[in-house]
Amino acid sequence: MTEVAGGEDPTSQVPDDVALVRVDEARSTHAQPKVITTTATGATIDLSQVIGDSTLLQQVNQTLLETRKDFHTHPRSLALAHMQVVDWQGYTKIRTTGALLVVCLNLGIDPPDLVRPKDCAKLEAWVDPTVSVQVPTPEELALQAAKSGGTQHQNTNERTPLSMIGENLHRQFEVINRHASYRTLLDCAMESMRKACVLLRRKAKDERVMFYYNGHGVPRPTASGDIWVFNKQFTQYIPVSAMDLMSWVGTPGVYVWDCSHAMNVVQAFEKTAKARDMEIARIKHAAEAAGTRLPLSRAAASESLSSTSTNIAAMLAAQMSSGAAQNQQHQPQSQQQQQQQSSHGSAGINPALINLALLPSIHHKDIHFAATQADELLPTNPELPADLFTSCLTTPIKAALRFWVIRNPRTSKVTLDMCEKLPGSVQERRTPFGELNWIFTAITDTIAWSTLSREQFYTLFRLDVTVASLFRNFMLADRIMRFYGVHPQSRPALPPTHKHPLWDSLDLEIDMCLQQLPRLLAEEERRKQREDRARRSEHERIARVNARRGNSQQKQSKQQLELQGISPIDFEGPPRINLEIAGSFKRPSRRIRSARAGLGGIESDDDESSNDSDDAGVGISAMTTETNEMGYISSTYFSNQLYAFEVWLQHAATVVSQFVSDHGPDQIPRSLSTEPPPDLEAPNELPAVLQVLLSQQYRLRALILLYRFMNLGPWAVNLALGVGIFPYVSKLLASTTAEIREILILVWARLIAVDLSLRNELLKNNGMAYFVAYLANNIQMQHEPVSEKVRLCDTVSAASAFTLALLCTDAPAVQQACFNERVLDYFLVYLQRPDNGTDERGYLRTWILMCLAELWRGFPNAKWMAMTYRLCVIASNKQQQQQQSDGMHEEGEQASAPSFEELLASSADDANVDARDAQDLLIQMAFHRMPSVRTAAIYAMGTL
């Protein structure tokens with residue numbers, strides 16, 4: 044990296060504390076805060092808080108910062124920032140691709156070690172197994188098969204309570220991760236479970252699999268950690284040891300144990316892993332002594348483990364000793380002979396057994412969720428579901444609602460049955476149910492963020508969707524089950540969170556939502572009654588019309604109605620009417636229009652649900668619109684969180700300003716680049732702010748606050764990356780919303796400057812095109828007179844050029860991609876535009892020159908086109924004119940750099956071509972009024 048001294052701060056809008064060049068000259072003046080109006084919405088934004096040259100610290104103490112170097116905008120090398128930032132992208136991301144759901148209920152028969160009270164918990168997967176379910180008779184099945192035109196294939200047990208429990212459980216886990224494959228085993232035999240586990244691991248390969256076990260209908264796990272299943276005849280309980288299960292499931296894995304004494308199983312897994320550590324250590328030592336190289340295939344290791352059930356250490360030690368004895372019998376030979384001897388000595392060793400040396404350290408990373416400790420029983424409160432632990436892990440909102448109603452029986456008119464009718468779903472965040480789930484996610488993330496270490500939070504809550512959801516919901520299970528004297532456990536263990544003060548915020552949001560539930564349900568019932576009356580009224584009207592007609596006319600009317608899309612009247616139900624093609628109803632009456640909206644086949648004229656779309660890509664259903672029409676009042680939780688975060692930013696500015704006044708100017712830059720001031724704690728609102736990015740209503744405000752936060756220094760960017768900002772802002776690059784374009788580019792400039800590892804992820808999603816498109820769309824702004832709008836455009840364009848400069852550094856693939864996107868053309872045109880005398884225009888030219896220097900460094904095609912740019916433009920114009928005259932012009936074709944002979948043939952002076960070569964522009968920029976532009980021009984000359 045080249046450092047150029049004697050320049051000025053290249054720009055104050057991009058990450059200046061980690062700029063590409065080092066400048067020792069301090070800025071002499073500071074621009075005053077400005078107020079600008081965005082081009083998209085006309086909203087007024089304080090430029091000093093968002094993107095102006097004044098930072099937050101200048102707002103707090105402008106006079107103090109004028110007397111010394113600006114510690115925030117003073118440029119530094121990238122290495123200083125990289126010393127602080129953790130390589131968050133270096134963590135191995137393992138997805139959960141499959142899950143096996145083992146349910147052992149044996150409904151109607153209690154296990155021998157359990158005596159159920161008369162009134163106890165019954166619900167399994169929110170299904171009451173004691174309620175009889177109507178099973179179709181063989182005659183009904185035959186009739187259904189005849190109607191469908193096929194044979195009778197339906198199983199008579201499909202609608203039993205056990206099958207309904209399995210279906211509900213399947214759907215509940217699909218809400219957590221819909222991309223994983225699930226298989227449910229109901230009251231299975233041991234051999235069936237073994238085959239399913241082995242098949243699941245074979246399909247998952249090196250990815251994570253989940254094993255769920257519900258043992259409410261079998262004996263409790265033994266003290267040695269054995270779980271129970273059934274034999275093939277379903278007459279006996281068969282134990283399965285942790286050793287066997289570990290060998291079948293393989294690694295990595297996540298286990299959920301919903302049974303009494305569940306911690307016995309987890310402890311058995313831990314003991315088995317430790318025993319394997321000692322055993323595999325001996326295997327490795329014996330392998331090294333014999334000169335055997337251990338294979339590195341995890342899949343082969345898992346398969347070998349599943350096929351091995353004897354004492355591996357003894358067998359392999361014997362083979363190792365025999366191989367070593369054979370090696371000692373021979374004298375040292377040549378290198379080739381020694382290699383042959385080594386391979387011959389290891390030929391007797393079973394490679395499948397050697398593969399086991401890979402397993403112990405990996406098994407220690409397996410994740411376990413246990414419903415109870417080693418000596419605890421599951422709660423039997425009849426108001427709770429029997430699988431309370433599973434309900435909390437898979438349906439946390441329903442469990443939280445039920446828990447709140449049970450604890451507050453006198454303060455609310457809401458019953459448990461009413462909670463089941465709460466409108467909405469998890470996917471629709473504007474519905475009551477979806478909004479509660481959204482708030483629950485933000486609260487649990489905040490609890491984990493404020494409790495766990497940064498590395499543990501990122502590992503458990505940001506790498507795998509399934510694991511993150513299970514840990515969020517586990518914290519709720521820990522809070523609810525501790526209320527009933529049960530203590531769930533997890534591995535890795537989490538610190539106690541059941542008394543965290545943020546749980547009161549969740550209770551408050553549930554309370555506010557349930558207070559509206561009676562009114563919402565009453566309005567829903569009235570709406571259904573209106574729809575029923577409209578259907579009956581329309582039915583009676585058509586019946587009266589037909590009754591007044593004669594028999595002959597009635598037949599003719601039926602035929603005419605059928606042609607018009609109106610089916611014959613069926614007095615057992617409402618008629619099916621197609622009002623779009625009914626010729627006799629030119630203008631439907633108000634009654635018909637209301638009935639049409641109730642039928643759901645055709646949208647009414649005043650239906651505005653199509654205009655109310657969800658910003659995350661999921662459309663709002665009819666229930667969302669109806670809920671809004673009922674008058675549901677949305678929560679102000681996220682608005683309050685944004686306000687709290689803004690208050691924290693003001694406090695942070697005060698703390699950092701005080702830090703500046705207490706330390707010398709030489710200590711300020713390095714201290715604030717590596718760590719925050721001692722008196723400043725990390726904000727707890729960061730997880731909630733990230734969740735707000737999913738909502739278009741708060742997105743602009745959240746991005747502005749995040750940018751203000753990251754302006755505090757590289758340590759703030761490190762916290763933003765640690766909380767998981769990257770996937771959120773990465774998805775926003777695909778957004779076409781013009782309102783967030785400027786601030787999003789500034790956020791990305793800050794992220795890329797501090798953490799260059801994001802460059803690879805950005806290129807995978809073609810995010811580079813977002814910055815190029817902004818530069819291409821704002822070239823004409825260079826001719827506009829000086830205004831706040833032009834200053835904003837120059838500032839964001841400088842951030843785009845800064846980001847592209849970092850992307851092109853030591854990346855030939857990015858250079859080629861930028862060249863194909865005509866970045867060279869855009870930048871040369873920018874340099875030809877007049878200088879309006881503002882600092883923003885100077886900063887823009889500084890980073891354009893820096894990006895050009897990185898673009899043509901070691902790239903001959905870019906250098907050749909830059910030095911002959913004017914002739915290239917003339918030749919390209921003539922070539923396009925010739926193609927248009929010959930009818931051969933193709934839409935979107937981009938002219939390549941012509942050869943030297945072609946340039947000489949077309950070198951006639953063309954006064955209409957407004958293009959200059961790069962060397963002429965660099966010479967002009969070398970005499971610019973700003974030192975930073977002059978410095979960047981000389982640097983670009985050196986790379987041309």
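Note that my numbering has the sequence shown beginning at 44, numbered continuously upward.
For every residue, glycine included, the Cβ atom is placed at its ideal position computed from N, Cα and C.
Treat the numbers as computed from the prediction; the structure is a model and nothing was measured.
Would you list the residues sitting across from residue i in a DSSP beta bridge?
i: Arg-534; result: His-411
i: Met-253; result: Ala-142 and Val-297
i: Arg-834; result: None, per the DSSP bridge assignment.
i: Trp-890; result: Partner(s): none; Trp-890 has no beta bridge.
i: Pro-282; result: Trp-271
i: Ala-232; result: Phe-273
i: Val-170; result: Glu-167
My output table needs one value for residue i: the three-state DSSP class, helix, strand or coil.
i: Gly-296; result: strand
i: Ala-938; result: Unreliable positioning characterises Ala-938 in this predicted model, as indicated by a pLDDT of 46, which lies under 50. A coordinate reading is not provided.
i: Lys-456; result: coil
i: Cys-302; result: coil
i: His-582; result: helix
i: Ala-318; result: helix
i: Gly-366; result: With a pLDDT of only 42 at Gly-366, under the threshold of 50, the placement of this residue in the model should not be trusted, and no figure is reported.
i: Trp-758; result: helix
i: Ile-152; result: coil
i: Gln-739; result: coil
i: Arg-33; result: Residue 33 cannot be examined here, being either before or after the span of the chain that is shown, 44 to 987.
i: Asp-488; result: helix
i: Arg-263; result: coil
i: Asp-1068; result: Residue 1068 is absent from the structure shown; the chain starts at 44 and stops at 987.
i: Gln-967; result: helix
i: Arg-977; result: helix
In the DSSP assignment, find the beta strand (DSSP E) that holds residue i and state where it starts and stops.
i: Ser-224; result: 224 to 229
i: Trp-271; result: 270 to 273
Give me the residue from the options with the minimum Cα distance to residue i.
i: Met-207; options: Leu-150, His-222, Asn-220 and Leu-157; result: Leu-150
i: Gly-985; options: Leu-895, Arg-784 and Arg-473; result: Leu-895
i: Arg-497; options: Leu-898, Phe-845, Trp-758 and Arg-591; result: Trp-758
i: Ala-413; options: Leu-427, Pro-425 and Cys-435; result: Cys-435
i: Val-252; options: Leu-144, Tyr-741, Pro-877 and Asn-516; result: Leu-144
i: Gly-258; options: Val-833, Leu-787, Lys-275 and Trp-300; result: Trp-300
i: Ile-917; options: Val-797, Arg-959 and Ala-324; result: Arg-959
i: Gln-559; options: Arg-138, Pro-466, Ile-788 and Gln-923; result: Pro-466
i: Leu-513; options: Phe-845, Glu-217 and Arg-202; result: Glu-217
i: Thr-838; options: Ile-788, Phe-483 and Ser-677; result: Ile-788
i: Pro-419; options: Ile-482, Cys-861, Asp-488 and His-304; result: Sequence inspection shows Glu at residue 419; the Pro mentioned does not correspond to that position. Looking at the Cα atoms, His-304 is the closest of the given residues.
i: Arg-473; options: Ser-677, Ala-168 and Ile-747; result: Ser-677
Starting from residue i, trace the alpha helix (DSSP H) in both directions and tell me its first and last residue.
i: Phe-688; result: 680 to 705
i: Tyr-750; result: 742 to 753
i: Pro-422; result: No alpha helix (DSSP H) contains Pro-422, which DSSP labels as neither H nor E.
i: Val-158; result: Element bounds for Val-158: n/a, residue is neither H nor E.
i: His-213; result: 204 to 219
i: Cys-147; result: Note, Cys-147: premise wrong, no alpha helix (DSSP H); not H, not E.
i: Gly-767; result: Gly-767 -> no alpha helix (DSSP H), and no H or E assigned at all.
i: Lys-441; result: 439 to 450
i: Thr-509; result: 508 to 526
i: Lys-542; result: Looking at the DSSP string, Lys-542 is not in any alpha helix (DSSP H), and its letter there is neither H nor E.
i: Arg-784; result: 784 to 797
i: Thr-779; result: That residue, Thr-779, is in no alpha helix (DSSP H); it is neither H nor E in DSSP.
i: Pro-855; result: 855 to 863
- Message: Check whether the region 302 to 315 and the region 264 to 274 touch, using three or more Cβ-Cβ pairs below 8 Å as the test.
- Response: yes
- Query: So does the region 853 to 867 actually touch the region 803 to 818, counting three or more Cβ pairs closer than 8 Å?
  - Reply: yes
- Are the region 159 to 174 and the region 275 to 292 touching, with three or more C-beta to C-beta distances below 8 Å? no
- Message: With three or more C-beta pairs closer than 8 Å as the rule, is the region 883 to 902 touching the region 844 to 858?
- Response: With three or more CB-CB distances shorter than 8 Å, the region 844 to 858 counts as touching the region 883 to 902.
- Message: Can you confirm whether the region 531 to 543 touches the region 757 to 776 when touching is taken to mean that 3 or more C-beta pairs between the two stretches lie within less than 8 Å?
- Response: Using a Cβ-Cβ distance cut-off of 8 Å, the region 757 to 776 and the region 531 to 543 are not in contact, since fewer than three pairs of beta carbons, one from each stretch, lie closer than that value.
- Message: Below 8 Å, how does it come out for the region 424 to 442 and the region 508 to 527: are there three or more Cβ pairs, yes or no?
- Response: yes
- Mind the definition here: the region 821 to 830 touches the region 770 to 789 only if three or more C-beta pairs lie below 8 Å; say whether that holds. Taking 8 Å as the limit for Cβ pairs, the verdict is that the region 770 to 789 does not touch the region 821 to 830.
- Quick check: the region 780 to 799 against the region 840 to 852, are there 3 or more CB pairs under 8 Å? yes
- Query: Does the region 543 to 558 touch the region 484 to 493, meaning 3 or more C-beta pairs lie closer than 8 Å?
  - Reply: yes
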